[in-house]
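Engineer: Below you'll find the structure I mean.
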Amino acid sequence: TRGDRAVEARRLPLSAKSSYPPAPTHNYTAPNDMELVQVQFIIRHGARYPTATEIRNFRQLFRKLRAHVPRSWRTDDLVSSENAVLLADSGRRETARIARRLAQRYPALMAAGGPGAHRLRLVSSAIQRTIATAEEFRAAVVPANTTHPINVIPLADDSILAMKLTCPRWKAAKEKETALVHDEYKVFDAIHGQRLLDRIASRLDVRTDTLTVNDVHTMYALCGYEQALYGESGHWCTLLDRDAAVLMELRNDIEYTHAYGRYGPDVNRHIACALMTSVAQDIDSALASPATATSVFRFGHAETLMFVMALLGADSALGAVDPPVTG
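Position in the sequence shown (from 1) plus 226 gives the number in the numbering used here.
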């Protein structure tokens, strides 16, 4: 039944839109012969609205399936160009929850009014959703100090958090890598596409030849956004079962691991060097003067984290193993 599908949908793997339950928060306790003087975090912005490209795809799918899905499935917020890539209300709420959990874990360094609260440095890329995420974080951690500075890195100079936008080497390599990714998509679609289309078509009660694998990808994205932004699993998510969601997540991983991971162009393994150098320099400063050490929270993007993982060889966190993810 649709109700059973909605329950199943809440447990679907949804790639970058997957929710995860927060771990219980415990105060951090340093070993007996050590003292915690600094924490550093690199944080992706909170849940955002779709990109302009995704909005176009959603509109096209809505038109194609107008006669086959209820009007309530066509969420106006998700197709509003004014909302494109802005931080969503759910992203603000989740950021505040993360900030409060960290403040509980590191009270000596972060608790509001505590001795370390004034020694927090907040750094953001110059993109609305990261700045807004930093503002929500600040409001949760230092609510009495709305003027606590947020260091925004000018976009033209940002080799730290929005590096993919300012690195010409990466942009040129990404163009070449995109062709490879699309070739792998074709292989994937040839192997798995018909099975996916048959499943979705039967649940929509439409002919299989009216749909494409890209349509299924768009439905998968809609399901992810509805869960991430509204906690809704009774619409587009009901068209997917776990097997279909796993396949679509794997299809996404083809791009993530090749465009941003260590299996892609060589620059992927070096583009986070400036960020990790900045982290190391802040550690050195804390060691040189522990009494005045500053904790640092950097607010960037999913790609920021993926580039760090590529540099550290931690691609398994992206779902990648040897050999690289292919079609």
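All residues carry an ideal CB built from backbone N, CA and C; glycine is no exception. Small disclaimer: the values here were computed from a predicted structure and weren't measured.
Please return the same chain residues whose Cβ sits closer than 6 Å to the Cβ of residue 423, not counting the five positions on each side in sequence.
Structural biologist: Excluding sequence neighbours, residue 423 sits near 434 and 437.
Engineer: Can you list, in chain order, the residues of its chain with a C-beta nearer than 7 Å to that of residue 181? Leave out the 5 residues immediately preceding and following it.
Structural biologist: Given a span of 227 to 553 for the chain in the structure shown, any question on residue 181 remains unanswerable.
Engineer: Roughly how many angstroms lie between the CA atoms of residue 261 and residue 484, to the nearest whole one?
Structural biologist: Approximately 41 Å, taken between the alpha carbons.
Engineer: Count the other CB atoms within 10 Å of the CB of residue 492; is the residue buried (16 or more) or exposed (fewer)?
Structural biologist: Label assigned to residue 492: exposed.
Engineer: With distance defined between alpha-carbon atoms, name the residue in 323, 378 and 498 nearest to residue 362.
Structural biologist: Closest by alpha carbon: 323.
Engineer: Could you pull the DSSP bridge partners for residue 539 from this structure?
Structural biologist: Beta-bridge pairing links residue 539 to no other residue.
Engineer: Have a look at residue 469 and residue 243 and give me their C-alpha separation to the nearest angstrom.
Structural biologist: When rounded, the distance between both Cα atoms is 17 Å.
Engineer: Give the C-beta separation of residue 376 and residue 386 to the nearest angstrom, bearing in mind that I take them to be a contact with Cβ-Cβ under 8 Å.
Structural biologist: With 8 Å as the limit, residue 376 and residue 386 do not qualify as a contact, their Cβ atoms being about 14 Å apart.
Engineer: Can you find at least 3 beta carbon pairs, one from the stretch 262-277 and one from the stretch 527-537, that sit closer than 8 Å?
Structural biologist: Touching, yes.
Engineer: Does the distance from the C-beta atom of residue 487 to that of residue 454 stay below 8 Å?
Structural biologist: It is not a contact, given that the beta carbons lie outside the stated cut-off.
Engineer: Using only alpha-carbon positions, find the residue among 374, 402, 277 and 414 that is nearest to residue 313.
Structural biologist: Cα-wise, what sits closest to residue 313 is 277.
Engineer: Taking the straight line between their C-alpha atoms, what separation do you get for residue 280 and residue 444?
Structural biologist: Each residue's Cα considered, the two are about 8 Å apart.
Engineer: How would you write the range of the beta strand (DSSP E) that residue 377 sits in, first residue to last?
Structural biologist: Per DSSP, residue 377 belongs to the beta strand (DSSP E) from 376-379.
Engineer: In the DSSP assignment, find the alpha helix (DSSP H) that holds residue 511 and state where it starts and stops.
Structural biologist: Element bounds for residue 511: 499-514.
Engineer: When the Cα of residue 326 is compared with those of 236, 367 and 289, which residue comes out closest?
Structural biologist: When each option's Cα is compared against that of residue 326, the closest is 367.
Engineer: Answer yes or no: do residue 497 and residue 523 have a C-beta to C-beta separation smaller than 8 Å?
Structural biologist: No, they are not a contact pair.
Engineer: Figure out for me which residue from 503, 310 and 477 has the closest Cα to the Cα of residue 355.
Structural biologist: The shortest C-alpha separation from residue 355 is found at 310.
Engineer: Given a cut-off of 8 Å on the beta-carbon distance, is the pair residue 466 and residue 430 in contact?
Structural biologist: Not closer than 8 Å, so no.
Engineer: I think residue 413 touches residue 552, with their Cβ atoms under 8 Å apart; what is that distance to the nearest whole Å?
Structural biologist: Right, the Cβ-Cβ distance comes to about 7 Å (below 8 Å), so this counts as a contact.
Engineer: Mind pulling the beta strand (DSSP E) runs of 3 or more residues that sit fully within the stretch 373-452?
Structural biologist: Listed in chain order, they are 376-379.
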